[in-house]
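Residues in the sequence shown are numbered consecutively from 567, following the working numbering. C-beta atoms are modelled at their ideal positions from N, C-alpha and C, and glycine is treated no differently. Quick caveat: nothing in here was measured; it's all calculated off a predicted structure. The next block holds one structure in the form of C-alpha cells; read it before the comments.
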Amino acid sequence: AIDPAGTFIYHEGKALAAVGLKPRQFLGLNIFTLYPAETLTFVRSALNGEATHSISEAHGTSWENWFLPVRSEDGEIVAAVGCSIDISENVRKEKELKERLDTIQEQQHIIQSLSTPILQIWDQVLTLPLFGHVDSTRASALMESLLHEVVRTRTRFAILDLTGVDVIDTATAGHLMSLIRALKLLGTEGIITGIKASIAQTVVSLGSDLSGITTLSTLQAG
Numbered sequence: 567a568i569d570p571a572g573t574f575i576y577h578e579g580k581a582l583a584a585v586g587l588k589p590r591q592f593l594g595l596n597i598f599t600l601y602p603a604e605t606l607t608f609v610r611s612a613l614n615g616e617a618t619h620s621i622s623e624a625h626g627t628s629w630e631n632w633f634l635p636v637r638s639e640d641g642e643i644v645a646a647v648g649c650s651i652d653i654s655e656n657v658r659k660e661k662e663l664k665e666r667l668d669t670i671q672e673q674q675h676i677i678q679s680l681s682t683p684i685l686q687i688w689d690q691v692l693t694l695p696l697f698g699h700v701d702s703t704r705a706s707a708l709m710e711s712l713l714h715e716v717v718r719t720r721t722r723f724a725i726l727d728l729t730g731v732d733v734i735d736t737a738t739a740g741h742l743m744s745l746i747r748a749l750k751l752l753g754t755e756g757i758i759t760g761i762k763a764s765i766a767q768t769v770v771s772l773g774s775d776l777s778g779i780t781t782l783s784t785l786q787a788g
C-alpha cells in the first residue's frame, strides 16, 4: 500500500523472500524512486482513481498486478492498495509453448515445401509431383505456390503428377480442378498425369467437365 505521493505505508507478502526482499523493507520509501517510471503507469492510474490490472517485470521476476484506489468518506484518494503475484513459471511455460509451436510451424512449412516440390524440367515447363495424403489445406497452399511460380517463370505447361497419391476427397479434387482452370486463365496448359482409378471416380463424382483437360496415365507420357 502507498500514500498519494507514492510512499510505502504497507509492505508484506510471501513473494518478497523469493526476490531477496524482506517484509516492510520498503516502508517509508517511494515507489517512484525505486522502480522505472515507465513500469509504473498502472500505479499512477490507481492514484488517479482507476482500478488497474497489468503484467510487469521487476527483480528478474514476472508479476501480475492489481492496484485499487482507496478513498476517504468525502471521495478523496488517500492511498492505493496493490497486490502482485509471481507468474514467472507461467510466463516461462508460455514462452516454451510458443517456441515449440513456432518450431512445429517451421517444421510443417519445411515438410510442405519438401512434399510439394515444383520442378522446372524444361524451358517453360513445370512439374508438380504430389505424394501422400493431399487434403484441402495442402491443396490450397499448393495452388497458391504453383500459380506464383507459373507467373514468375512464364510457364506454358504445368504437369500435376498424382502417381504418388492414392486417395483425395471431393473438396481436394475441387481444388485441383480449380487449379487447372486458374492455370488456363494465365495462359498455361495444365496436364494431369498418373491418376488412379479411385481418384478418377472422385473427380467424376464432382460432375466436372474434363473434356478440356489433358490427362495422361504416366508422368513420362506427360
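Its Cα nearest to that of residue 765, the residue 701 stands out among 718, 701 and 639.
For residue 755, the enclosing beta strand (DSSP E) begins and ends at 755-759. By the 16-neighbour rule on beta-carbons within 10 angstroms, residue 721 is buried.
The beta carbon of residue 736 sits closer than 7 Å to the beta carbons of 768, 771 and 772 from its chain, once the five residues preceding and following it are set aside; these are given in chain order. As a beta-bridge residue in DSSP terms, residue 627 pairs with 624.
When only Cα atoms are considered, residue 583 and residue 684 end up about 60 Å apart.
Ranked by Cα distance from residue 657, the first of 576, 603 and 628 is 628. With 16 or more other CB atoms across the displayed protein chains lying within 10 angstroms of its CB, residue 631 is buried. If you draw a straight line from the Cα of residue 615 to the Cα of residue 607, it comes to about 13 Å.
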